[in-house]
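Residue numbers (my numbering): 219 to 376. The beta-carbon is built from N, C-alpha and C at its ideal position, and this holds for glycine as well.
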């Protein structure tokens, strides 16, 4: 049975590093990587932080996010159809946003291993200080949903 490692954690929590050290040979599905391939808009332009209502934050146009989601699901289906284990390397912090993706995985009848990263907030802030302001990271931390047992087949806590 195909195993999918479904990562959940703040930016800077060590998700991508974990992929490289624990499963260096597995394919990685990542919304950031899909955005950086030039789907719709250049990802780097948005990482720099466009301003909206005098607050600096990354803004991704809805059309781009819809296209990224379509491509992400297409890639997941393709990899799973070849009985290949793989990793979904996204933040997946809000249950409402991860549920549709988990539903796709359930339809594919894969074994879902949730990997919950519990890296201290201050470490994440330090690691991503050049990309994300501390207050935005704190707000994200305060509103994130911890992965629940019933969402996946197995949970690993890092």
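Given a cut-off of 7 angstroms on the beta-carbon distance, is the pair residue 252 and residue 222 in contact? no
Please classify residue 355: is it buried, with 16 or more other beta-carbons within 10 angstroms of its beta-carbon, or exposed? Buried is the call here.
Considering residue 322, what are the terminal residues of the alpha helix (DSSP H) in which it resides? 313 to 325
Proximity below 7 angstroms, CB of residue 348 to CB of residue 312: Cβ distance not < 7 angstroms, so residue 348 and residue 312 don't count as in contact.
Touching by the beta-carbon criterion (3+ pairs, under 8 angstroms), the segment 223 to 232 and the segment 331 to 347: yes
Start-to-end residues for the beta strand (DSSP E) that takes in residue 372: 372 to 375
In this structure, how does DSSP classify residue 235 when only helix, strand and coil are distinguished? helix
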